[in-house]
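Right, one structure below, let's go through it.
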Amino acid sequence: MLLKQGLLLFLDLGYHLYEQCKSACLVFQVLTERGEFEKSDAEFTRVIELAPTSGMAYAHRGLLQLRWRQDQNSAIEWFRKGVEVDPKCELALELLGQLSMERGQFEEALNYFNQAIQQAKTLTDLTHLISLREGVKAQMHVCSTYNISVHEMFASLQQEFQQQ
Numbered sequence: 001m002l003l004k005q006g007l008l009l010f011l012d013l014g015y016h017l018y019e020q021c022k023s024a025c026l027v028f029q030v031l032t033e034r035g036e037f038e039k040s041d042a043e044f045t046r047v048i049e050l051a052p053t054s055g056m057a058y059a060h061r062g063l064l065q066l067r068w069r070q071d072q073n074s075a076i077e078w079f080r081k082g083v084e085v086d087p088k089c090e091l092a093l094e095l096l097g098q099l100s101m102e103r104g105q106f107e108e109a110l111n112y113f114n115q116a117i118q119q120a121k122t123l124t125d126l127t128h129l130i131s132l133r134e135g136v137k138a139q140m141h142v143c144s145t146y147n148i149s150v151h152e153m154f155a156s157l158q159q160e161f162q163q164q
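So the sequence shown is residues 1 to 164, counted in the UniProt record's numbering.
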């Protein structure tokens, strides 16, 4: 009987933490859309304190760094922390894959996308992740077939972007 009560208490606490984290994620989205980045960052500090093993909280904080400061290095640190505390965090793995792809680190991107595919919970997520992975494979094939240096290609694209 005591074990059952303890389990119920534990589940109740977990539910409340989950609800608080879910609410904080919604608050993050609203604050970010309104451009209130400092408040959003403070909200994620709170979420991480409430649920330090939630990879999602770290992934969303990394997304905030991209939207707020356009800081890929900081975002990557948060995404990696998300995977460190929750190796099954599909979102953090996907985001690491996307940033690796944008940086021309195709092998690394494939690795992250393959890990994320293993964690996909819905057919839609699985389809999306497979599409990302196959896109990386196609880019690798084109670079190989036409003897294009990935680093030169991305440097050229970056230079064109900066001239606009």
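Cβ coordinates follow ideal geometry from the N, Cα and C atoms, glycine included.
Would you call the CB atoms of residue i and residue j closer than 8 Å?
i, j, result
"CYS89", "MET56", "yes"
"LEU27", "THR53", "Residue identity differs from the one stated: residue 27 is Val in this sequence, not Leu. Not in contact: VAL27 and THR53 (Cβ atoms no closer than 8 Å)."
"ALA51", "GLY82", "no"
"ALA120", "LEU129", "yes"
"PHE161", "ARG103", "no"
"LEU123", "ILE117", "no"
Can you tell which of the options has its C-alpha closest to the C-alpha of residue i?
i, options, result
"MET101", "GLN115, GLY135, LEU126", "GLY135"
"LEU95", "ASP125, GLY104, GLY62, LEU126", "GLY62"
"SER131", "GLN98, PHE154, GLN158", "GLN98"
"GLU107", "LYS39, LEU123, ARG133, ALA75", "ARG133"
"LEU31", "ILE48, GLY104, LEU64, ASP125", "LEU64"
"GLU33", "ARG67, ARG46, VAL47", "ARG67"
"SER74", "ASP41, PRO87, VAL47", "ASP41"
"SER149", "GLN105, GLN115, ARG46, ASP71", "GLN105"
Please report the Cβ distance between residue i and residue j, rounded to the nearest whole angstrom; I am assuming they are in contact, meaning their Cβ atoms lie under 8 Å.
i, j, result
"ALA92", "PHE79", "5 Å"
Does the Cβ of residue i lie closer than 7 Å to at least one heavy atom of the ligand COA?
i, result
"TRP78", "Here there are no bound small molecules, and the ligand COA is not part of this structure."
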